[in-house]
Structures are given as C-alpha cells and as structure tokens.
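Heads up: the sequence shown is residues 1 to 428, going by UniProt numbering. C-beta atoms are modelled at their ideal positions from N, C-alpha and C, and glycine is treated no differently.
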Amino acid sequence: MANSSGLRSYAEILRLPGAGRFVAASLVGRFPGATLHLAVVLLVTHVTGSYATAGAVSAAGALAYALLVPRVGRAVDRRGQRRVLTLVATVFALSGVLLVAAARAGAPTAVLLLAGAAFGATRPPLSALARARWSHLLRDEGSGRLLGAAYSWESVTEELLYVVGPLVVAGVVLWHPALGVLVVAALGLAGSLLMAGQRATEPPVAPRAPGDGGALANPGLRALCAVWVCSSAMFAAWELTTMAFVETHGDAWMIGPVLAAFAVGSAVGGLWYGTHAFAAPVDRRLRVALLLVVAGMAPLGAMPSVAVLGVFSLFSGLLVAPMTIAGYSLVREGVAASALTESMTWLSTATALGRAAGGLAAGPVLDAHGPRWGYALTLGLGLAALVVALPAAGAFRAMATARSRPARGGPEPEATGEEPGSTGVARP
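Now the structure itself:
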C-alpha cells in the first residue's frame, strides 16, 4: 500500500504555483491519446461498412504520428512549447473536421487515408510536454521526492484516461457517428491551447551544444527505443489475443472489463511506485520490472476461463507502469535538457511502431492457431525485449549516472539528487 507521507506528496505538487492549471489542461488535451483510434474506427466503419478500411485509416494516423512526433519534440526543444503546441493543435483540430467532412461526403478511400494520416500525425504530444514542465518546475528540488510524485501522478491519470476515454467516445457516437472524432479534436485543441497559454510553467529553451547530433546520438536512448518497440509489440499482441480469448469463450461483453482490469492494475502500480524511495538505481529497476512484466505473460496460455483471466490481468498489470516510469526516468537522467522533449517523443515513436508490429503479427497467428498461440507470441515478444535490454546494461547505466558526472568541457550539471520515482507514462 502507498504510505501516508508519499500520498501527501501528491497534494504538495498540485499546490505548486501553476501546477494545477497545467495538469488540468494536459489532462483535457491528452484525451485524444486514449480515444483517437476508437473514434476514427467508429466513424469510418459507419460510413464505409468496412473494418478493413477503418483499420487502414487508423493505422495511417498511427504511422504518421510515429514519423512526425520526434520532429515536433525537437521543434519544442528549439522554439518552446507555446509556439509549437499552438500550431500543432490547430492543425490537429482542422484535420479532425476534414476527416469528418470527407467521411460524410463519401470520399474515396485515398482521401480518407490522407485525412486520417493528418489527424493522427498532428496529435499534440502533451504527455511528453507535461513531464518536461514537471522537470522544470521542480528543477531545484534536492531529494527528487516531489518530482517522483509528479511523474507518478502523470502515470495514474493517463491510465484512468484509457479507462474512461473510450466509454465517453462510445457514448457520444450513439448520438451521431461523427461526434467521436469531433469531441476528440475539440478536447485536444482546448487542452493544448490552455497549456500553451501558461507561460509561468513553460520550460525555457535550453542552448544546444555545438555538434549536437540529436537525441538518437545517445546509444542508451537507441537501445531503450528498441526495448520499447519489443515491449509495445508485446502489449499489442496481448490486447488482441485477450480480445480473441474472451470472444472464443462466449463472453464478448467481458472484453472491456478485462482490458480495464489491466489498466487499473497499471495505475495502482504507478501510484504505489511514486510513493516509495528505492535504493536500486533506475537502470536496474527498469531491468527488474521488465523481467517481471514478461514473467507475468508466461501463464496466460493456461488461463481456464475469462473470470480467471480478468483477475490475473489486474495483477499482471501492476508492474507495467513502474517499468515504463523507470524507462522515462532514465531518459530524464541521461539526455541533455536541450533534447529532453525530443528524446521522450522518440519513445512515443517506438511505442507506435511496436504496437503496429504486434498487432500485425498477432492477427494471422490468431486466425490460424487461436489464442493459445497468440499468448505464446506475446511471451516471445517480451523475451525479445529482454534480449535487447541485456547487452544494453552498460549504456543504461551511463544514462542513469549522467547527471552525477561533470559535463566535459563545461560546468557541473544541475543537481537533482535522488532519481525520481516515475515519469507518468504507463503505456510503453
């Protein structure tokens, strides 16, 4: 259970000047992250009657986002959040309106694909921007206690969005199929503009070092992105296989509760993680959490019923948030401030690519062999993440200790003390 002093940390961070306002804004603006795919699929299937077309339009948006978001992150690092976020959010909202107009007009599939790609590509990366604001707001904290609580708060609220958001979209489309996309676009725009207008908590643009090769010049970040691709593929395969398992057992209405149980478990794990101080360095925590998450996938093929799977999902989700939290904390410790947002958005790219790969791999396996082999694939993808992580131990350790080493040819880095407990992303 979370200790009382840790829980008080959450109250402390929300009382910081300007914190409550940007937290509320980012919470609204991150609604699209949990709902965009569902809203697009519901709209396109209604107007075309084709799940294949709907899936293609949604996939076009996901792929375009994966390609564009690191460039958005780099632009934020160079020009500041306000300018970039205002532009991206405006284009995002207009793209949503364009997609609705094209769908209602019966536009050709190619037009729907282009509109869907634009809508997905310009989704504002508010998760990364919010974490960057916390890092700036608590930059002078010596112990890291409040920063850990702040990042854990991000994790918990994001998981709750994945529980509540789809329910909201599923409800509004009962009034009109286009309302899902329009609500997603409107909330993304509103939250982004509210956040962009809060200059007091906006991180300043950090000077870039001469010869800076960009975020991916860091070997530890490259390795972490590879781990993120594999682990995200694992989670995508788990999700699709779990849906197939539930349907196979004739309990289709239980799909939502089982997936929600996993998300709730992750949120609880993130809340617990942020209220505790750990002696182990963050790179070791990442490896241990990853190992335990993968181990939790091993028994899935032997689940006897949907009810047992639901209970097991609650517990197997507990370490998902701590794993991803440790990964993002490693980024904060191991990259320069001038590349922080870009580095975090590269993990978003890895997540999108991994989820796409996992879904593509799991589909044919499920069609040919059923859920048991789907869960075997899920475990295999997790083992691949471990195989990638093992030889990267040295690079991860270098990232974890980067802030304690003097910058070569420059001043001492800003002291941060204890590594924060979490970073707030429970969706690798």
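Neighbourhood of residue i by C-beta, 6 Å cutoff - its chain only, sequence neighbours within 5 removed
{"i": "residue 138", "result": "146 and 147"}
{"i": "residue 121", "result": "64, 65 and 68"}
{"i": "residue 260", "result": "163"}
{"i": "residue 134", "result": "150"}
{"i": "residue 236", "result": "355, 358 and 359"}
{"i": "residue 156", "result": "267, 270 and 271"}
Contacting residues, own chain, Cβ-Cβ under 8 Å from residue i (five flanking each side not counted)
{"i": "residue 98", "result": "115, 118 and 119"}
{"i": "residue 282", "result": "326, 329, 330, 333, 400 and 419"}
{"i": "residue 248", "result": "370 and 371"}
{"i": "residue 377", "result": "237, 241, 361, 362 and 365"}
{"i": "residue 104", "result": "47 and 178"}
Backbone secondary structure at residue i - three-state DSSP
{"i": "residue 277", "result": "coil"}
{"i": "residue 91", "result": "helix"}
{"i": "residue 303", "result": "coil"}
{"i": "residue 77", "result": "helix"}
{"i": "residue 15", "result": "coil"}
{"i": "residue 175", "result": "coil"}
{"i": "residue 376", "result": "helix"}
{"i": "residue 70", "result": "helix"}
{"i": "residue 45", "result": "helix"}
{"i": "residue 453", "result": "Beyond the ends of the chain as shown, which are 1 and 428, falls residue 453; an answer cannot be given."}
{"i": "residue 214", "result": "coil"}
{"i": "residue 202", "result": "coil"}
{"i": "residue 422", "result": "Its pLDDT being 34, under 50, residue 422 is placed unreliably in this model, and the value from its coordinates should be taken loosely. Three-state result, residue 422: coil."}
{"i": "residue 384", "result": "helix"}
{"i": "residue 21", "result": "helix"}
Enclosing alpha helix (DSSP H) for residue i [first to last residue]
{"i": "residue 346", "result": "340 to 369"}
{"i": "residue 135", "result": "126 to 137"}
{"i": "residue 291", "result": "282 to 297"}
{"i": "residue 179", "result": "179 to 196"}
{"i": "residue 323", "result": "320 to 334"}
{"i": "residue 116", "result": "109 to 121"}
{"i": "residue 234", "result": "219 to 248"}
{"i": "residue 399", "result": "393 to 400"}
Sequence-distant residues of the same chain with beta carbon closer than 7 Å to residue i, five excluded per side
{"i": "residue 344", "result": "73, 128, 131, 328 and 331"}
{"i": "residue 89", "result": "124, 188, 189, 192 and 193"}
Buried or exposed (CB count within 10 angstroms, at least 16 for buried), residue i
{"i": "residue 250", "result": "exposed"}
{"i": "residue 416", "result": "Unreliable positioning characterises residue 416 in this predicted model, as indicated by a pLDDT of 35, which lies under 50. The coordinate reading is nonetheless provided below. Looking at its Cβ environment, which holds 16 or more other Cβ atoms inside 10 Å, residue 416 is buried."}
{"i": "residue 84", "result": "buried"}
{"i": "residue 239", "result": "buried"}
{"i": "residue 15", "result": "exposed"}
{"i": "residue 368", "result": "exposed"}
{"i": "residue 375", "result": "buried"}
{"i": "residue 71", "result": "exposed"}
{"i": "residue 172", "result": "buried"}
{"i": "residue 108", "result": "exposed"}
{"i": "residue 322", "result": "buried"}
Rounded distance between the beta-carbons of residue j and residue i, thought under 8 Å
{"i": "residue 382", "j": "residue 306", "result": "Not quite, the Cβ-Cβ distance comes to about 22 Å (not below 8 Å), so this is no contact."}
{"i": "residue 215", "j": "residue 335", "result": "6 Å"}
{"i": "residue 390", "j": "residue 291", "result": "About 10 Å; that fails the 8 Å criterion."}
{"i": "residue 166", "j": "residue 38", "result": "5 Å"}
{"i": "residue 22", "j": "residue 201", "result": "5 Å"}
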